[in-house]
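Engineer:
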Amino acid sequence: NAGVTQTPKFQVLKTGQSMTLQCAQDMNHEYMSWYRQDPGMGLRLIHYSVGAGITDQGEVPNGYNVSRSTTEDFPLRLLSAAPSQTSVYFCASSYSQGRTFFGQGTRLTVV
Amino acid sequence: EDQVTQSPEALRLQEGESSSLNCSYTVSGLRGLFWYRQDPGKGPEFLFTLYSAGEEKEKERLKATLTKKESFLHITAPKPEDSATYLCAVQARGGADGLTFGKGTHLIIQP
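The listed protein sequences derive, respectively, from chains A and B. The first sequence begins at 4 in the working numbering and counts up by one. The second sequence begins at -1 in the working numbering and counts up by one.
(1) How is A/S87 classed by DSSP in three states: helix, strand or coil?
(2) So which residues of chain B does A/Q107 contact, with C-beta pairs closer than 7 Å?
(3) Compare the beta carbon distance of B/E109 and A/F105 with 8 Å and say whether it is the shorter of the two.
(4) Mark B/A82 as exposed unless 16 or more other C-beta atoms lie within 10 angstroms of its C-beta, in which case mark it buried.
(5) Please confirm if A/S36 has its CB atom under 8 Å from at least one CB of chain B.
(6) A/Q88: buried (16+ other C-beta within 10 angstroms of its C-beta) or exposed?
(7) Could you list which residues in chain B have their beta carbon closer than 8 Å to that of A/G104, in chain order?
(8) Where does B/D37 sit, in a helix, a strand or coil, going by DSSP?
(9) Taking 8 Å as the CB-CB cut-off, is A/F93 touching chain B?
(10) Under 8 Å between the Cβ atoms of A/V91 and A/R39?
(11) Hey, how far is the Cα of B/G96 from the Cα of A/Y51?
(12) Would you grab the beta carbon distance between B/R10 and B/Y84 for me? Rounded to a whole angstrom, and I think it's under 8 Å.
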């Protein structure tokens, strides 16, 4: 009963490096999304997907790419990391109007 | 633009001292209002979904209520293990399927 699994849990990047945050869910949910959480701010939506092959931008999409080739996986790519992308990233999945399940988060530091 | 405001930002209670957390929202047609609990270093954990004004839901010492402008999370006779950050989020009709979050209320229950 894994739910939403994110890897890695922690990551340190140098400015300009690229990387992919992995997210997988085993609940056959159509909807998946990525949020970032910063001190003093609520979780903010980066990108979301309503099904395999369909993605769209959320509130703060700049500097991030996503793709959804399967129902289970929704990776988030940082193209060229910047210190402003230091944050905790959460992947989530849900049915269309149901409860949203969150992963345990990836704590990213860009130096 | 959808907005969620939670108050207070922080609340310290004695064990057994009941209180309420507030979530005020503006949204272009409410699909659902969600309450989550978040422990340090963890992802948000689902508590309740409310869909229409007048609806109430209960779970152990927690009770969530909803009006057309705000939601309350009532905590009755809290215990130290209820200490956490409580997040409120809304989902709008017809828009992105993501959630708009408030900044949360950091609740501390002292023994």
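Even for Gly, the Cβ is constructed at its ideal location relative to N, Cα and C.
Structural biologist: Concretely, from the data shown:
(1) Looking at A/S87 - three-state DSSP - the assignment turns out to be helix.
(2) K40, G41
(3) Before going on, a small fix: residue 109 of chain B reads as Pro here, not Glu. For B/P109 and A/F105, no; Cβs fall outside 8 Å.
(4) buried
(5) Taking Cβ atoms only, chain B reaches closer than 8 Å to A/S36, which makes this a yes.
(6) buried
(7) Before going on, a small fix: residue 104 of chain A reads as Phe here, not Gly. The answer, in chain order, is F44.
(8) Here B/D37 sits in coil by DSSP.
(9) yes
(10) yes
(11) 7 Å
(12) B/R10 to B/Y84, Cβ: 14 Å. No contact.
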